[in-house]
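Protein chains in written order, with the numbering used here: chain A, 9 to 329; chain B, 5 to 106.
Below is one structure, written out as structure tokens; the observations come after it.
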Amino acid sequence: MYHVGIERLTLQTGFYPTEELSYNGGFQHFYVPSYRLFVSSLSLITGIDPMVMSGMITIITSLAICGIIYAVTKRISTPFAGVSALFLLTLSPEMTIFSIRAIPEILGLFTFPLTIYFILLNKANMPFNLNTYLYLSIFAASLTALTHQMTLLTLVLVLVLYGLTQLKNKAELFNAWIPLAASVIVYGIWQLYSLHTISIFGLAQVKFHEGLSVGLFANDYNVGFFDRTGFLVVPLFIIGIIYLEFKKADKRFLLYAWIAASLILTKNDLLGISIFMDRFLTFMVEGMIILGGIGAYAILEILDKRVLDIIFHRNKLKDIS
Amino acid sequence: MLISSLNVILLLIGLIYLIMLPGYAVLDALRIRGLDGVEVLTISFGLGIIIMTSEAIALSIEGSVGLTTQNLIILTAAFVISVEFFRILKERIATTKPQSKL
Chain A
9 MYHVGIERLT LQTGFYPTEE LSYNGGFQHF YVPSYRLFVS SLSLITGIDP
59 MVMSGMITII TSLAICGIIY AVTKRISTPF AGVSALFLLT LSPEMTIFSI
109 RAIPEILGLF TFPLTIYFIL LNKANMPFNL NTYLYLSIFA ASLTALTHQM
159 TLLTLVLVLV LYGLTQLKNK AELFNAWIPL AASVIVYGIW QLYSLHTISI
209 FGLAQVKFHE GLSVGLFAND YNVGFFDRTG FLVVPLFIIG IIYLEFKKAD
259 KRFLLYAWIA ASLILTKNDL LGISIFMDRF LTFMVEGMII LGGIGAYAIL
309 EILDKRVLDI IFHRNKLKDI S
Chain B
5 MLISSLNVIL LLIGLIYLIM LPGYAVLDAL RIRGLDGVEV LTISFGLGII
55 IMTSEAIALS IEGSVGLTTQ NLIILTAAFV ISVEFFRILK ERIATTKPQS
105 KL
């Protein structure tokens, strides 16, 4: 409930404070305003205290995360794969933990796939085609930039990697890199306003390397990757990738870029960066759940086909006899 | 008791007025077709948050008029009315164009 202080002050004064209240206060803070103003605005209009409102908003945003995971999976595969992904969402410890915490990351877990969703919907095949979906992806990316820095970093790397896979397809490159540019510019402007600098190297979290390393298996100090992701998610995720490759699904590279980017960020300690490794894992698990849902659907499709084949075979035998 | 039934009703009204209504108004005006019920709800929520956050930032930034209940209600109402006005205007233009050709 670290953010409640700023939310209460916003309600009292009517202005979003740029100075920190915690840690003795009195210095410029780097927190982006979306989540705090989301809570403050609803508190203002309903009269409910920000402390209570934070909890209520967590429930609503969790429902929205379910909705967006279904929507993204549906656009890559089918609605049935979307429903399968929702089953996996409830089975993953990482997602169940981070969808009940009243922190800005919960809003990031919604706004990041929302941007991906609009890019998936954008079927423009001409470069520099300024259509509705491009504008929507720009707005969603800008909201992500003002929601949570780690979510923004994940989005930026996903779109950079996806753009690199689409260098020959200028239209798709444009669809990916315009929202990317918008998000970086919006964040830069906000940081210039709040911290009077665009450099992120002075931030305490960057300077003092805050974050925990993620290992594959659990030990005395850390929960391992498999325990956090969920044991069922991992095999279904692999099947999902094989299925998408087999079907040559449109824009599947966006999901691959999602996994690759979040994996690089989760293991950034290997690159000597060591910042918030465990927090980036949540975004990787979110992507794995979407691919896992597609994997679960692939198994069901194969089983369904086999069952239908058996039924048809029996009917044929009956007809012959 | 931290949460009363009145709180829940207030939250639902606030959620519909501040988030779902502006979000759905934009989605409707953009004429995005082929979305199922879950997608409409989710995208309306997403667009609603984008709109509400933009309004809240515009009101609460230093040198602005301030984030108050009155300002937020007026700004949201003005936004929804403007979007609906442009949607109706767009529909009128779309329906009158073929007639003028005839």
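Glycine included, each C-beta is placed from N, C-alpha and C at the ideal position.
Of all residues in the region 30-44 of chain B, the ones placed with a Cβ closer than 8 Å to any Cβ belonging to chain A are Leu34, Ile36, Asp40, Val42 and Glu43, in chain order. Chain B places no beta carbon closer than 8 Å to that of Ser202 (chain A), leaving this residue out of the contacts. In this structure Glu95 (chain B) is exposed. Its beta-carbon is surrounded by fewer than 16 other beta-carbon atoms within 10 angstroms. CA-to-CA, the gap between Arg260 (chain A) and Glu253 (chain A) works out to about 8 Å. Put simply, of B:Arg37, B:Gly27 and B:Leu15 the residue whose alpha carbon is nearest the alpha carbon of Ser62 (chain A) is B:Leu15. Between the region 42-54 of chain B and the region 67-81 of chain B there are fewer than three C-beta pairs closer than 8 Å, too few to call the two in contact. Contact of Met24 (chain B) with chain A is not assigned, every C-beta pair being separated by 8 Å or more.
Within 7 Å of the CB of Ser42 (chain A), the CB atoms of chain B belong to Thr57, in sequence order along the chain. DSSP places Gln36 (chain A) in the strand class (E or B) of the three-state scheme.
A Cβ of chain B is located within less than 8 Å of the beta carbon of Gly55 (chain A). About 15 Å separates the beta carbons of Ser92 (chain A) and Gly295 (chain A), which is beyond the 8 Å limit, so they are not a contact pair. The C-beta separation of Tyr195 (chain A) from Leu160 (chain A) comes to about 6 Å, placing the pair in contact by the 8 Å criterion.
Thr152 (chain A) is positioned such that its CB atom lies no closer than 8 Å to that of Gly210 (chain A). In terms of Cβ geometry, Leu163 (chain A) and Ala149 (chain A) form a close pair [threshold 8 Å]. Among the residues of chain A, none has a CB under 8 Å from the CB of Tyr28 (chain B); the nearest is roughly 14 Å distant.
By the C-beta density criterion, Glu88 (chain B) is exposed, having fewer than 16 other C-beta atoms within 10 angstroms. Fully enclosed alpha helix (DSSP H) runs of no fewer than 4 residues occupy 87-99, 101-106 and 112-129 of the region 60-148 of chain A, in order along the chain. In the three-state reduction of the DSSP assignment, Glu27 (chain A) falls in the strand class, which pools E and B.
Contact check between the region 229-240 of chain A and the region 54-73 of chain A: fewer than three CB pairs, one atom from each, fall below 8 Å, which does not count as touching.
Runs of the alpha helix (DSSP H) lying entirely within the region 33-106 of chain B, each at least 4 residues long, are 41-64 and 73-105 in chain order.
As the crow flies, the alpha-carbon of Ile17 (chain B) is around 16 Å from that of Asp57 (chain A). Against chain A, a Cβ distance below 9 Å from Ile20 (chain B) picks out nothing, because the smallest value is about 11 Å. Taking each of A:Leu19, A:Tyr24, A:Gly75 and A:Ala110 in turn and checking the Cα distance to Leu50 (chain A), the smallest one comes out for A:Leu19. Residue range Met285 to Ile328 is occupied by the alpha helix (DSSP H) that includes Met296 (chain A).
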